[in-house]
């Protein structure tokens, strides 16, 4: 049964960076509209079933309450998205239900959570967060249709997608080398070491606390911590490897670390990384994954970061849509202006 999953994070686009920068919130009504259009687009492609992850605001159920389409709509009531863990569980459930593609609404953090639940999921990434480096701004109608074309097999996944790069993190005790707290973790854009021992509001917005950044993606049009790396050297999402930047006395760059918030920051060193190269970040401090503080490093603990291309299979919407063009039985006689 051709199936598309849709996962929306109700908290995406509502963090503290709205108070310290000029970021605009993404309202529940806006997210409901995006979900509804994605469902319509997926149904248009001929999928038989659409899975809607539930959440504490019931965005999915409310978005399709009066919608009449040919596909079966299944709201996963036993999963209520309220935390990153819930997004992981929703991704796992989509995998178990045989989803051929998943549309995810959120920012970098949401897409990271989903990838932790299903690392190589066929993904259409829709930006509704604060920092949106990994997901792109796309129209949901076409996002849903592209996901449906992949799920039905009309668009071959191996021809319309590429695995994303992932910064894999292994956390170990400095003295014994033992893995700490099932220490494997990941990021889709960047991993940063930040001074302090508490996650607090999680979002990183104070550049004075930054110590290190390891980035998979450092593009010139990005906002967030990866923009600091991009000010030193560009790393495209389709290029191998990444970059390690150490913050400190040295060359000063200026970068937009949040919407409407530019800062000056010193760069002590910068090193290009090939696929598989390892960089050690030494505690104490907090590890921030894709812009959000998440795990503490105690004194002497170390996080080893390496970049590999084994992440979500990001669907190229334009490529998928080419496979879904209506057949032209009688070619048009296209005339050129003389």
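Residue numbers (this note's numbering): 774 to 1111.
Here a beta-carbon is modelled for each residue, glycine too, at the ideal position from N, C-alpha and C.
Please report the residue range of the beta strand (DSSP E) in which residue i lies.
| i | result |
| --- | --- |
| residue 921 | From DSSP, residue 921 is part of no beta strand (DSSP E) but of the alpha helix (DSSP H) over 913-925. |
| residue 854 | 845-854 |
| residue 726 | Given a span of 774 to 1111 for the chain in the structure shown, any question on residue 726 remains unanswerable. |
| residue 818 | Residue 818 -> no beta strand (DSSP E), and no H or E assigned at all. |
| residue 833 | That residue, residue 833, is in no beta strand (DSSP E); its alpha helix (DSSP H) goes 832-836. |
| residue 1016 | 1015-1031 |
| residue 1040 | 1034-1046 |
| residue 999 | Segment 999-1003 is the alpha helix (DSSP H) holding residue 999; no beta strand (DSSP E) there. |
| residue 900 | 895-900 |
When burial is assigned at 16 or more other CB atoms within 10 Å of the CB, is residue i buried or exposed?
| i | result |
| --- | --- |
| residue 783 | buried |
| residue 926 | exposed |
| residue 1022 | exposed |
| residue 858 | exposed |
| residue 887 | buried |
| residue 938 | buried |
| residue 799 | buried |
| residue 898 | buried |
| residue 869 | exposed |
| residue 1008 | buried |
| residue 1027 | exposed |
| residue 1131 | Look at the range of the chain in this structure, 774 to 1111, and you will see that residue 1131 is not part of it. |
| residue 827 | buried |
| residue 805 | buried |
Quick test of your reading: residue i and residue j, contact by CB under 8 angstroms. State the CB separation rounded to the nearest angstrom.
| i | j | result |
| --- | --- | --- |
| residue 893 | residue 1013 | The Cβ separation is near 18 angstroms, so there is no contact. |
| residue 842 | residue 813 | 7 angstroms |
| residue 866 | residue 837 | Going by Cβ atoms, the distance from residue 866 to residue 837 rounds to 18 angstroms, so no, they are not a contact pair. |
| residue 993 | residue 981 | So it is not a contact: roughly 24 angstroms between Cβ atoms. |
| residue 933 | residue 1088 | 6 angstroms |
| residue 1050 | residue 963 | Their Cβ separation, rounded to whole angstroms, is 15 angstroms, which puts residue 1050 and residue 963 out of contact at 8 angstroms. |
| residue 1043 | residue 1006 | 6 angstroms |
Report all residues from its chain with a CB closer than 6 angstroms to the CB of residue i; omit the five preceding and five following residues, and keep chain order.
| i | result |
| --- | --- |
| residue 905 | 880 |
| residue 985 | 966, 1019, 1054 |
| residue 834 | 848 |
| residue 794 | Low local confidence applies: a pLDDT of 47 at residue 794 is under 50, so the model's placement there is unreliable, and no value is given. |
| residue 1136 | Summary: the structure shown does not reach residue 1136, with the chain confined to residues 774 through 1111, and so no result is reported for it. |
| residue 910 | 900 |
| residue 823 | 777, 812, 815, 844, 846 |
| residue 1078 | 940, 942, 964, 987, 1052 |
Where does the unbroken alpha helix (DSSP H) through residue i begin, and where does it stop?
| i | result |
| --- | --- |
| residue 865 | 857-869 |
| residue 1010 | Here residue 1010 belongs to no alpha helix (DSSP H), and DSSP marks it neither H nor E. |
| residue 931 | 930-933 |
| residue 881 | 881-890 |
Ignore the nearest five residues each way along the sequence and tell me which others in residue i's own chain have a CB closer than 7 angstroms to its CB.
| i | result |
| --- | --- |
| residue 820 | 775, 776, 777, 844, 921, 924, 925 |
| residue 1048 | 1013, 1014, 1080, 1081, 1082 |
Once the 5 residues before and after residue i are set aside, which same chain residues still bring their CB inside 8 angstroms of it?
| i | result |
| --- | --- |
| residue 1070 | 944, 966, 1054, 1055, 1056, 1057, 1058, 1059, 1060, 1076 |
| residue 902 | 782, 785, 786, 799, 879, 880, 881, 882, 883, 908 |
As an exercise, report each continuous beta strand (DSSP E) stretch of at least 3 residues that is fully enclosed by the segment 1040-1089, in chain order.
If we require 3 residues or more, the beta strand (DSSP E) runs fully inside the segment 1040-1089 come out as 1051-1055, 1058-1062, 1065-1070, 1075-1081, 1086-1088.
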